[in-house]
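**Q** In this text, residue positions in the sequence shown follow the working numbering: the first is 17, and each later residue adds one. Note that the Cβ used here is the ideal one computed from N, Cα and C, for glycine as well. One structure, as structure tokens, below. Some questions next.
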Amino acid sequence: MPGPGAEFIGEEEKKEVLEVLESGNLFRYGSPDDPTFKAKVWTLEKRFAEYLGVKYCLAVNSGTSALLTALSALGIGPGDEVIVPGYTFIASISSIVYARAVPVLCEIDDSLTADPKDIESKITKRTRAIMPVHMLGNPCDMNPIMEIAKKHKLLVIEDAAQAGGASYHGRKVGSIGNIGIFSFNVFKTISAGDGGAIATNDQDLYARAFAFHDQGHSPLRQGVEVGKRPFIGLDFRMTELTAAVLLAQLKKMDNIIKMLREKKARFKKKITGSGDFSFRKLNDPQGECATLLTVIFNNKEKARSVAERLKTTTVDHSGWHVYNNMEQILNQLTVTPEKCPFTCAYYKGKQAYRKSMLPQTDDILARSINISIGVSDRGLGAGFGITATSDNFRPFFCDSLIRSATVPASWVSSSQG
Ligand SMILES: Cc1ncc(COP(=O)(O)O)c(C=O)c1O
């Protein structure tokens, strides 16, 4: 299975799903008086909000729709720039384009998350928001990011798709900015195959997010509120079946992370001091998910030669999380030829993207190798690095190391540490 949560689908998930199937009621809405209505989505929203320590949570059908919904809730649109790191999943960037705003790429630092110094240097008078991405389970350095946001009066959308359950100095990621998003796709801490969520403490943002995700309706929708809808929405609703799986998975979240941390700590200890590398910076070592361990070599040549011996790649070549490999963004390949929002009359800036435009990011990723602890991609293209159990480690590390780092055999991967 690709991600840790998916490894733990079991009787608990079956029971929850059966309850929904037997009720025959698969839609997120229903009456509390109707015994067939199991209210799984509502319950998930409540429990996830409690888990995160936020007032409001909205369940949606993917992390990508969560991002678009969050941006729309914040009122980000034509003429706006949003700062986002050049090392992230494409959805962080594409959701900004679909909100009709313009993504401005920033550098990462050796935590493999957005470099606060570079974020500040990318601010213009058009900047409306910063989108820090808690990449590969590692929380971004949120204190300086929030300070920069406050100083420049910017909004913060946390993309916590890859870091469900992680925390930054005692606060769950996704609960620190104005709004946060999560993904429950198959590579994530907990999974229902697909799914997403939005978290916020702001009631207005919640109401706007709710309206956007369901045709303009308000949160307590029981029917059609003709005449009261604030704007045109879409349909990104979660079904009762997805929520049923996630209710069972949510109960497992903390144990999954605990287990990943233990495995990662063992593996890390074994390889510490065995070469010219350091580990990526953890902005809160107690708070990360530990899905991956990233080693950063002193120079590119060494990294490349070790990667070759391990039959994997350095992170710069690891797949579609690297801006250099996102031809649709680099070439502004919008679905129609006008190239909105880049050419939109409301947009007064000029944004050109090109390969190698982020030298610090390129340098760090060319020196890094991701070792997967709990996520794999089975050649699906995400490039999650190489697994701690893989036989590929034999030429580089000793057999006893491999044995000591054993994780389930199916967690075979190659780039999320
Ligand atoms: C950082 C990041 N943001 C957003 C997403 C989008 O999530 P989804 O695949 O659920 O649409 C992902 C998914 O992999 C991701 O890794």
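Run the CB neighbour count on Val77, radius 10 Å, all protein chains shown included, and call it buried at 16 or more, exposed below.
**A** Here residue 77 turns out to be Asn, not Val, going by the sequence shown. The residue in question, Asn77, is buried, as its Cβ has 16 or more Cβ neighbours within 10 Å.
**Q** As an exercise, report each continuous alpha helix (DSSP H) stretch of at least 4 residues that is fully enclosed by the region 38–98, in chain order.
**A** Runs of the alpha helix (DSSP H) inside the region 38–98: 56–68 and 79–89.
**Q** Could you give the DSSP three-state label for Tyr362: helix, strand or coil?
**A** Three-state result, Tyr362: coil.
**Q** Relative to ligand 1, is the shortest distance from any of its heavy atoms to the C-beta of Val338 smaller than 7 Å?
**A** No.
**Q** Bridge partners for Ile195 per DSSP, in chain order?
**A** DSSP, once it has assigned bridges, lists Ile173 as partnering Ile195.
**Q** Go through the region 206–290 residue by residue and report every complete run of the beta strand (DSSP E) that reaches 3 residues or more, in order.
**A** List check, beta strand (DSSP E) in window: 212–216.
**Q** If you follow the beta strand (DSSP E) that Thr310 is in, where does it begin and where does it stop?
**A** Per DSSP, Thr310 belongs to the beta strand (DSSP E) from Leu308 to Phe313.
**Q** Give me, in chain order, the residues of the same chain whose beta-carbon lies closer than 6 Å to that of Phe413; leave out the 5 immediate sequence neighbours on both sides.
**A** A caution first: Phe413 carries a pLDDT of 43, below 50, which makes its placement in the model unreliable, though a value can still be read off. So the list is empty, once near-sequence residues are dropped.
**Q** Identify every residue that forms a DSSP beta bridge with Tyr184.
**A** Answer is Arg187.
**Q** Rounded to the nearest angstrom, how far is the Cβ of Ile25 from that of Trp336, given a contact under 8 Å?
**A** At roughly 26 Å, the Cβ-Cβ gap does not stay under 8 Å, so Ile25 and Trp336 are not in contact.
**Q** Mind checking Ser388: buried by the 16 CB within 10 Å criterion, or exposed?
**A** Answer is buried; the Cβ neighbour count reaches 16.
**Q** For the candidate residues Lys56, Leu298 and Glu324, whose alpha-carbon lies nearest to that of Tyr184?
**A** It is Leu298.
**Q** If you pair each beta-carbon of the region 143–163 with each one of the region 56–72, do three or more pairs fall below 8 Å?
**A** Contact fails: fewer than three Cβ-Cβ distances are below 8 Å.
**Q** Ligand 1 and Leu83: does the residue's C-beta get closer than 7 Å to at least one heavy atom of that ligand?
**A** At least one heavy atom of ligand 1 is nearer than 7 Å to the Cβ of Leu83, so yes.
**Q** CB-CB under 6 Å to Glu163, same chain, minus the five flanking residues each way: which ones, in chain order?
**A** Result list for Glu163: empty, nothing under 6 Å.
**Q** So, using beta-carbon positions, are Ala182 and Val172 closer together than 8 Å?
**A** No, Cβ-Cβ distance for Ala182 and Val172 is not below 8 Å.
**Q** Among residues of its own chain, excluding the 5 on either side of Leu276, which ones have a beta-carbon nearer than 7 Å to its beta-carbon?
**A** Excluding sequence neighbours, Leu276 sits near Pro20, Cys305, Ala306, Thr307, Ile389 and Gly390.
**Q** Could you spell out where the alpha helix (DSSP H) holding Asn120 opens and where it closes?
**A** Per the sequence shown, the amino acid found at residue 120 is Val instead of Asn. Here Val120 belongs to no alpha helix (DSSP H); instead the beta strand (DSSP E) covers Val118 to Cys122.
**Q** Does Arg320 come out as helix, strand or coil in the three-state DSSP assignment?
**A** Of the three classes helix, strand and coil, the one that applies to Arg320 here is helix, per DSSP.
**Q** If you check the beta carbons only, do Gln231 and Gly211 fall under 8 Å apart?
**A** Going by C-beta atoms, Gln231 is not nearer than 8 Å to Gly211.
**Q** Beta carbon of Val149: closer than 7 Å to some heavy atom of ligand 1?
**A** Yes, ligand 1 has a heavy atom inside 7 Å of this Cβ.
**Q** Are there 16 or more other CB atoms within 10 angstroms of the CB of Leu381, so buried, or fewer, so exposed?
**A** Buried, since its Cβ has 16 or more Cβ neighbours within 10 Å.
**Q** For ligand 1, I want to know if Asn154 counts as a neighbour, meaning its beta carbon is within less than 7 Å of at least one of the ligand's heavy atoms.
**A** Asn154 Cβ: outside cutoff for every heavy atom of ligand 1.
**Q** Three or more C-beta pairs closer than 8 Å, one from the region 91–101 and one from the region 204–218: is that the case here?
**A** No: fewer than three Cβ pairs fall under 8 Å.
**Q** In this structure, does DSSP put Arg383 in helix, strand or coil?
**A** The answer is coil: DSSP assigns Arg383 none of H, G, I, E or B.
**Q** Can you name, in chain order, every residue of its own chain whose Cβ lies under 6 Å from the Cβ of Ala398, other than the five neighbours on each side?
**A** Note that Ala398 scores a pLDDT of 46, beneath 50, so its modelled location is shaky and nothing firm can be said.
**Q** Heavy atom of ligand 1 less than 7 Å from the Cβ of Gln265, yes or no?
**A** Every heavy atom of ligand 1 is 7 Å or more from the Cβ of Gln265, so no.
**Q** Given a cut-off of 8 Å on the beta-carbon distance, is the pair Leu374 and Val33 in contact?
**A** The answer is no: Cβ separation not under 8 Å.
**Q** Buried or exposed: where does Tyr369 fall if 16 or more other Cβ atoms within 10 Å of its Cβ makes it buried?
**A** Looking at its Cβ environment, which holds 16 or more other Cβ atoms inside 10 Å, Tyr369 is buried.
**Q** With H, G and I counted as helix, E and B as strand and the rest as coil, what does DSSP make of Phe295?
**A** Looking at Phe295 - three-state DSSP - the assignment turns out to be strand.
**Q** Mind checking which residues open and close the beta strand (DSSP E) that includes Ile146?
**A** From DSSP, the beta strand (DSSP E) with Ile146 extends over Thr143 to Ile146.
**Q** Rounded to whole angstroms, what's the CA-CA distance from Gly190 to Ala215? Just pull it up for me.
**A** Gly190 and Ala215: Cα-Cα distance of roughly 6 Å.
**Q** Please list the terminal residues of the continuous alpha helix (DSSP H) segment that includes Pro160.
**A** Met158 to Lys167 is the span of the alpha helix (DSSP H), which, as asked, contains Pro160.
**Q** Pick out whichever of Asp251, Pro353, Ile385 and Glu354 has its Cα sitting closest to the Cα of Val322.
**A** Val322 has its Cα closest to that of Ile385, out of Asp251, Pro353, Ile385 and Glu354.
**Q** To the nearest whole angstrom, what separates the beta carbons of Ala225 and Pro246, a pair I think is in contact under 8 Å?
**A** About 11 Å separates the two Cβ atoms, so there is no contact after all.
**Q** Is it the case that the Cβ atoms of Ser197 and Leu83 are separated by a distance below 8 Å?
**A** Just to set this straight, residue 197 is Ile in the shown sequence, not Ser. Cβ atoms of Ile197 and Leu83: closer than 8 Å.
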